[in-house]
Amino acid sequence: MIGLKKVRDLSVVDQQGKEKSLPIAAASALLRVRDHILVLSDDERQMAIFEEGSDEPGRLIKVIEGDTPSSSDERADNKPDFECMALLAPFGRFEHGAVLGLGSGSKPDRDNATLLTLAEDGTPEAGFEAVDLGPLYDRLRSDIDDLNIEGSSVVGDVFRLMQRGNGPRGRNGRVDLDLAAVCTALDDGAPLPAEAVQTIEFYDLGQMKGVPLCFSDASPLTDGWMAFIASAEVEGGYVGSSIGVMDGAGAIVMNEPVDHALKLEGLSARVDNDEIHLLMVSDADDPALPSPLMETHLRYDRS
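Under the numbering used here, the first residue of the sequence shown is numbered 107, with each subsequent residue one higher.
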């Protein structure tokens, strides 16, 4: 069993100018860029930016048009459902790289992404570009029932998506896209093309207390290897989560449960010699409670 340590609760500065901070309650995607921690929530239209190693509240930047509804029912019905982010190295007009946040595709109005330009210091610049995922996701629906993309990462020359197989007919899957085709479309301001799809593979992640484990995010390691998180959820709740590693051939070489009963949603992994440092966020499932930022260290064994 993998032990987790709580780093902090996630809250942001109140945009109304009040002294109190507001909780980030539905964290769903996590990315580290240098010393900056970026967090997306599935029901928000803003990204929270934190400084690694600091307990100070984060700040918000807008990543999609429109305002976040105040009632919980309206939020659920109208959420953009951004479930994952990927860091793109410099390309084309993005001199310092970019961040792509992707909708899940679980409903037709969630076939959207947001593209953020990175500044020289690694922080997202003001402004965003909407990206149409419709052509790509329609192509995936021809092979994947109950599409629900919850993980993304750049692994070598591949842009990888992770399908969460928690629907009635769902299966966990790995979708590899041609990274060059993805970057060309983003540079041109075009929809992500169906032709970018290279490989679709399906996985059985096993069960936790009789409930299937399903992918919930991924993060690149080195040499084509990748870390991932998975969670087991039931109607109205969750059972727990696991952390795994996939090798360069796409085989799962490790998948171990964590010692906290959390639904892990977002993952960022960094390799330092033979050790992996993982940061994770969990959805608090309560708008009044801040999502926790968790961490752990794993030995990076590729033998």
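For each residue, glycine too, the CB sits at the ideal point set by N, CA and C.
Would you call the stretch 388 to 396 and the stretch 132 to 152 in contact, with 3 or more CB pairs under 8 Å?
-> They touch, by the three-pair rule.
By DSSP, does L246 sit in helix, in strand, or in coil?
-> Helix.
Roughly how many whole angstroms lie between the Cα atoms of G203 and G316?
-> Cα atoms of G203 and G316: separation of roughly 42 Å, rounded to the nearest angstrom.
Cβ-Cβ distance between S259 and P326 below 8 Å = Yes, the pair counts as a contact, with Cβ atoms nearer than the cut-off.
With a CB to CB cut of under 8 Å and the five nearest residues on each side skipped, what residues in its chain are close to L166?
-> Around L166: V118, V119, Q121, Q152, M153, A154, I155.
Taking contact to mean at least 3 C-beta pairs separated by less than 8 Å, is the stretch 264 to 282 in contact with the stretch 217 to 227?
-> No, they do not touch.
Return the Cβ separation of S210 and I250 in integer angstroms, given the expectation that the two are a contact with Cβ distance under 8 Å.
-> The Cβ separation is near 12 Å, so there is no contact.
Excluding the five sequence neighbours on either side, which residues of its own chain have a C-beta within less than 6 Å of the C-beta of L404, listed in chain order?
-> Result list for L404: I382, in chain order.
Taking DSSP as the reference, what is the three-state secondary structure of L240?
-> A small fix is needed here, since residue 240 is Gly in this sequence, not Leu. The answer is helix: DSSP assigns G240 an H, G or I state.
Between G350 and G312, what straight-line distance do the alpha-carbon atoms span, to the nearest angstrom?
-> Whole-angstrom Cα-Cα distance: 12 Å.
Opening and closing residue of the alpha helix (DSSP H) in which V288 lies | Secondary structure note for V288: its alpha helix (DSSP H) is the uninterrupted segment 285 to 294.
Since T77 is in the beta strand (DSSP E), which residue starts that stretch and which ends it?
-> Because residue 77 is not part of the residues shown, which for the chain are 107 to 409, the question remains open.
Would you decide whether A375 is buried or exposed? Buried here means 16 or more other CB atoms lie within 10 Å of its CB.
-> It counts as buried.
Okay, do the stretch 278 to 287 and the stretch 337 to 344 touch, 3+ Cβ pairs below 8 Å being the bar?
-> No, because fewer than three Cβ pairs between the stretch 278 to 287 and the stretch 337 to 344 fall closer than 8 Å, the two stretches do not touch.
Identify which residue in A394, H366, D378 has its Cα closest to the Cα of K111.
-> Selected option, being the one with the closest Cα: H366.
Measuring CA to CA, which of V205, L221, P241 is closest to G228?
-> V205 is the residue among V205, L221, P241 whose C-alpha sits nearest the C-alpha of G228.
When we look at the beta-carbon of E125 and count the other beta-carbons within 10 Å, is it buried (16 or more) or exposed?
-> Low per-residue confidence applies at E125: pLDDT is 47, beneath 50, and the placement is therefore not dependable, though the value from the model is reported in the following sentence. So E125 counts as exposed.
Can you tell me the Cα-Cα spacing of S177 and D323, whole angstroms?
-> Low per-residue confidence applies at S177: pLDDT is 48, beneath 50, and the placement is therefore not dependable, though the value from the model is reported in the following sentence. Take the alpha-carbon of S177 and the one of D323: they are about 28 Å apart.
Reduced DSSP category for S177 - H, G, I as helix; E, B as strand; rest coil | Interpretation of S177 is limited by its pLDDT of 48, a score under 50 that renders its predicted location unreliable; the figure taken from the coordinates is listed afterwards. In the structure shown, S177 sits in coil (DSSP, three-state: anything other than H, G, I, E or B).
Note down the Cα distance separating L267 from G240, rounded to an integer number of angstroms.
-> The straight-line gap from Cα to Cα measures roughly 15 Å.
Work out the CA separation of I335 and E235 for me, nearest whole Å.
-> Whole-angstrom Cα-Cα distance: 28 Å.
R277 by DSSP, collapsed to three states: which one?
-> R277: coil per DSSP, three-state reduction.
Use the C-beta contact count for M400: other C-beta atoms within 10 angstroms, 16 or more gives buried, fewer gives exposed.
-> Residue environment analysis places M400 among the buried positions, since at least 16 neighbouring C-beta atoms fall within 10 angstroms of its C-beta.
Relative to the C-alpha of V113, which residue among S409, S160, E201 is closest?
-> The shortest Cα separation from V113 among S409, S160, E201 belongs to S160.
For the beta strand (DSSP E) that K213 lies in, which residues bound it at each end?
-> In the DSSP annotation of this structure, K213 is not part of any beta strand (DSSP E), being labelled neither H nor E.
What distance in whole Å lies between the Cβ atoms of E362 and M107, which are believed to be in contact at a cut-off of 8 Å?
-> A Cβ-Cβ separation of about 7 Å places M107 in contact with E362 under the 8 Å criterion.
Let me know the beta strand (DSSP E) ranges lying completely inside the stretch 343 to 398, each 3 residues or longer, listed in chain order.
-> Fully contained in the stretch 343 to 398 are the following beta strand (DSSP E) runs of length 3 or more, in chain order: 343 to 352, 358 to 363, 370 to 378, 381 to 388.
With M191 and L246 assumed to form a contact (beta carbons below 8 Å), what rounded beta-carbon distance in angstroms separates them?
-> Actually they do not touch by this definition, with Cβ atoms about 18 Å apart.
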